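Note that the numbering used here has the sequence shown beginning at 110, numbered continuously upward. We treat Cβ as the ideally placed atom computed from N, Cα and C, and that holds for glycine. Note that the structure is predicted; figures quoted are calculated from it, not measured. Everything below concerns the one structure shown next.
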Amino acid sequence: MRRNIGSKEKGFTIIEVLVAIILLTIGLLGMAPMMVTSMSGNSFANELTAANMIASDYIENLKTVTNFAAIPFIETTNNIQTKFTRQTRIDDSNSDGSVPGGLYWIQVTVSWTDKQGIARSVNYNTYRAISL
110 MRRNIGSKEK GFTIIEVLVA IILLTIGLLG MAPMMVTSMS GNSFANELTA ANMIASDYIE
170 NLKTVTNFAA IPFIETTNNI QTKFTRQTRI DDSNSDGSVP GGLYWIQVTV SWTDKQGIAR
230 SVNYNTYRAI SL
């Protein structure tokens, strides 16, 4: 088959396709570190949310207790959801006088080690009247 010398062929050449693929690859490789950072941030946010839920749920449960047998009360619970440690402290007075009279001071600290090996913790404090 013969070609006409003056005809205009339409379509992409192999060079144009290769250049487009190379540019697309460079763009996608540039986004890879952002994806890793995003996944790491999501993992930390998930752990932080779980720790906050553990602490706030336990504080809400402690607010319904009518009598604490031994004050000061200190309790440590390990392996909550396999990675969290919860420490609870309940006191009716502080050596520095920061707890007003007639109140229990409730402190719940949830700690864990994240995937990068960094020790993390959340700390909740609240007060509750001694006599309900």
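Item: Return the CA-CA distance between residue 146 and residue 140, expressed in angstroms with no decimal places.; Value: 10 Å
Item: When you compare the CB positions of residue 183 and residue 195, do they come within less than 7 Å of one another, or not?; Value: no
Item: So, with DSSP's three-state summary, where would you put residue 182?; Value: strand
Item: Check whether the Cβ atoms of residue 231 and residue 159 lie closer than 7 Å to each other.; Value: no
Item: On the DSSP letters alone, give me the boundaries of the beta strand (DSSP E) that residue 126 sits inside.; Value: Looking at the DSSP string, residue 126 is not in any beta strand (DSSP E); the run it does join, the alpha helix (DSSP H), is 123-171.
Item: The beta strand (DSSP E) with residue 227 in it runs from where to where?; Value: Where residue 227 is concerned, there is no enclosing beta strand (DSSP E), given that its DSSP letter is neither H nor E.
Item: Using a Cβ-Cβ cutoff of less than 8 Å, which residues in the same chain neighbour residue 167 once the five nearest sequence positions on both sides are dropped?; Value: 195, 197, 217
Item: What is the residue span of the beta strand (DSSP E) that residue 199 lies within?; Value: 193-200
Item: In whole angstroms, what separates the C-alpha of residue 151 from that of residue 136?; Value: 23 Å
Item: In angstroms, rounded to a whole number, what distance separates the CA positions of residue 134 and residue 224?; Value: 30 Å
Item: Could you spell out where the beta strand (DSSP E) holding residue 215 opens and where it closes?; Value: 212-222
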